[in-house]
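Novice: Under full-length UniProt numbering, think of the first position of the sequence shown as 1, with each following residue one higher.
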Amino acid sequence: MFRATIAKAPRLALAPRAAFSTTARAMTEGATGAPPKTGGSGDAFQRREKASEDYAIRQREKEKLLELRKKLDEQQVHIKKLADHIDEITKNQGGEQN
1 MFRATIAKAP
11 RLALAPRAAF
21 STTARAMTEG
31 ATGAPPKTGG
41 SGDAFQRREK
51 ASEDYAIRQR
61 EKEKLLELRK
71 KLDEQQVHIK
81 KLADHIDEIT
91 KNQGGEQN
């Protein structure tokens with residue numbers, strides 16, 4: 001019985017160490033990488049996701065610019081009408097300058 005106890009002891013001592021063993025992880029190129037925020041290129045999914053987000057942002061900015069241009073054109077038309085109205089009023093008043 002003493003012999004059986006000695007034979008089991010080394011196995012029990014090695015069991016916890018086996019759980020903490022370190023091995024090099026084998027990974028393919030581009031499967032993992034540093035995220036773009038930390039300076040790495042990231043994997044394909046991260047690059048595709050970033051490109052998609054950038055595209056959506058550009059589209060929203062483009063829509064906003066088109067809307068602003070439309071409002072600017074409307075304001076310019078309004079200013080032109082006001083200027084014409086002012087010219088019409090001043091012509092009717094007479095005087096040296098008209």
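Glycine is no exception: its CB is placed at the ideal position from the N, C-alpha and C atoms.
Do you know how far the Cα of residue 76 is from the Cα of residue 64?
Specialist: Roughly 18 angstroms between the two C-alpha positions.
Novice: Suppose you measure from the CA of residue 54 to the CA of residue 69; what does that come to, to the nearest Å?
Specialist: Going from the Cα of residue 54 to the Cα of residue 69 covers about 22 angstroms.
Novice: Determine the direct distance from the alpha carbon of residue 78 to that of residue 88, and round the result to whole angstroms.
Specialist: Each residue's Cα considered, the two are about 15 angstroms apart.
Novice: Could you check if residue 42 is buried or exposed, using at least 16 other CB atoms within 10 Å of its CB as the buried criterion?
Specialist: Classification for residue 42: buried.
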